[in-house]
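As structure tokens, the structure follows; a few thoughts come after it.
Here it is as structure tokens:
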């Protein structure tokens, strides 16, 4: 899809070889999630158009939706002004959060405490029953 060399040379990866990546629904602007990418995840995402992250807990590439079916397809790949954060404009298939919500950002800090502001759309046990 896109030759990743220019992006890989421009991105400022942290000391662990990672860059934060924010996924945003391309047509609505909804912020879906934040995850980490390493060089291989960036390269795979740009080459295939299917979003791939680095799982810090599993120490492996994580192709969004590989176990849940809730894939992210790349629409645009942007770097911030310091090139140390990536914004992925995506076409999210289904829910983005492992809790079954559309977005991982579903807890709001309010005057009367923390409030859940988004409902579970798919039960997590249904997402991961493979």
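Residue numbers (the numbering used here): 1208 to 1337.
All C-beta atoms in this analysis are idealised placements derived from N, C-alpha and C, irrespective of residue type, glycine included.
So if DSSP puts residue i in a beta bridge, which residue, or which two residues, is it bridged to?
i: residue 1283; result: 1296
i: residue 1262; result: 1267
i: residue 1228; result: 1242 and 1293
Taking all protein chains shown into account, decide if residue i is buried (16 or more other Cβ within 10 angstroms of its Cβ) or exposed.
i: residue 1330; result: exposed
i: residue 1318; result: exposed
i: residue 1251; result: buried
i: residue 1265; result: exposed
i: residue 1324; result: exposed
i: residue 1260; result: buried
i: residue 1275; result: buried
Given a cut-off of 8 angstroms on the beta-carbon distance, is the pair residue i and residue j in contact?
i: residue 1315; j: residue 1218; result: no
i: residue 1273; j: residue 1300; result: no
i: residue 1226; j: residue 1292; result: yes
In three-state terms, what does DSSP make of residue i?
i: residue 1273; result: coil
i: residue 1268; result: strand
i: residue 1328; result: coil
i: residue 1322; result: strand
i: residue 1248; result: helix
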